[in-house]
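Please read the structure below before turning to the comments.
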Amino acid sequence: MGFLRNREAGSRAETDRRMMARCVELGRQAAREGEYPFGSLIASGDEIIAEGANQTKREKDESRHAEIIAIATARRLGKSSLRECTLYSTVEPCPMCSFCIRSAGVGRVVFALASPIMGGMSRWDILRDRTMALRLPFLFGPAPEIVSGIGAEDAQRMWSHWNPLAWQAIKRIGFFVKP
């Protein structure tokens, strides 16, 4: 039985790495299009259901974060429940995205870099807050499982290549950090 669990954990870890690599590529693509390099996707097991890249500059809309785009795309594709899904993101979701994640009922969240200044978990604790689902179950799903640090080095390189000077400032103020 222990061998089977270890094998399943190894398989999940490999899936997490592959999905995060795709998120980093989505972030690079966003950067090439003049956006901030954020990428996100929603997967069910090892199947990608929806993807999103930052579109705040192009659409002149501050709500067009990669995570929100991925959730909205999954919904448009007819995915009514995201409880069995994992949302992957290059950076810890912000408070706005975290509320959307909780409202959509996403079961698991995996991110590469933490955001102690703006993170929806490390700063504001929206992702892990268990009282939201207890007090407002018609609005918020249970707290998702959280995994951090997957692909952190690749995400750091992506940000560094996007704008080396901005990346130095981001590191200096501790905006994004490796968990």
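Start counting the sequence shown at 3; every next residue gets the next number (my numbering). Yeah, the Cβ is synthetic: ideal placement off N, Cα and C, and Gly gets one too.
Local Cβ density within 10 Å of residue i, reported as buried at 16 or more and exposed below that
i: Leu-141; result: exposed
i: Asp-127; result: exposed
i: Thr-92; result: buried
i: Asp-18; result: buried
i: Ser-83; result: exposed
i: Asp-104; result: Checking the sequence shown, residue 104 turns out to be Arg, not Asp. When all chains shown are included, Arg-104 counts as buried.
i: Glu-35; result: exposed
Where residue i sits in the DSSP three-state scheme
i: Gly-54; result: strand
i: Arg-110; result: strand
i: Met-3; result: Since pLDDT at Met-3 reaches only 46, below the 50 mark, its modelled position is unreliable, and the value read off the structure follows with that caveat. In this structure, Met-3 counts as coil in the three-state DSSP scheme.
i: Ile-119; result: coil
i: Glu-69; result: helix
i: Glu-49; result: strand
Supposed close pair residue i, residue j - CB separation, criterion 8 Å
i: Ile-148; j: Ala-106; result: Not confirmed; about 15 Å, so no contact.
i: Leu-1; j: Ala-157; result: The structure shown does not extend to residue 1, since the chain is modelled only from 3 through 181, so no value can be given for it.
i: Gly-153; j: Met-22; result: 3 Å
Own chain residues within Cβ distance below 6 Å of residue i, not counting five before or after
i: Phe-177; result: Ile-119
i: Arg-110; result: Thr-88, Pro-146 and Glu-147
Limits of the beta strand (DSSP E) - the one that residue i falls within
i: Leu-89; result: 88 to 93
i: Ile-44; result: 41 to 46
i: Met-150; result: The residue asked about is misnamed: residue 150 is Ser in this sequence, not Met. Note, Ser-150: beta strand (DSSP E), 147 to 150.
C-beta neighbour in chain B for residue i, strict 8 Å
i: Ala-23; result: In summary, chain B is missing from the structure at hand, where a single protein chain is found.
Element boundaries [alpha helix (DSSP H), containing residue i]
i: Ile-128; result: Element bounds for Ile-128: n/a, residue is neither H nor E.
i: Glu-155; result: 154 to 164
Sequence-distant residues of the same chain with beta carbon closer than 8 Å to residue i, five excluded per side
i: Pro-39; result: Gly-29, Arg-30, Ala-32, Ala-33, Asn-56, Thr-92, Met-160, Trp-161 and Trp-164
i: Ile-70; result: Gly-54, Met-98, Cys-99 and Cys-102
Own chain residues within Cβ distance below 7 Å of residue i, not counting five before or after
i: Arg-130; result: Met-123, Ala-145 and Ile-148
i: Cys-25; result: Gly-41, Ser-42, Leu-43, Tyr-90, Ser-91 and Thr-92
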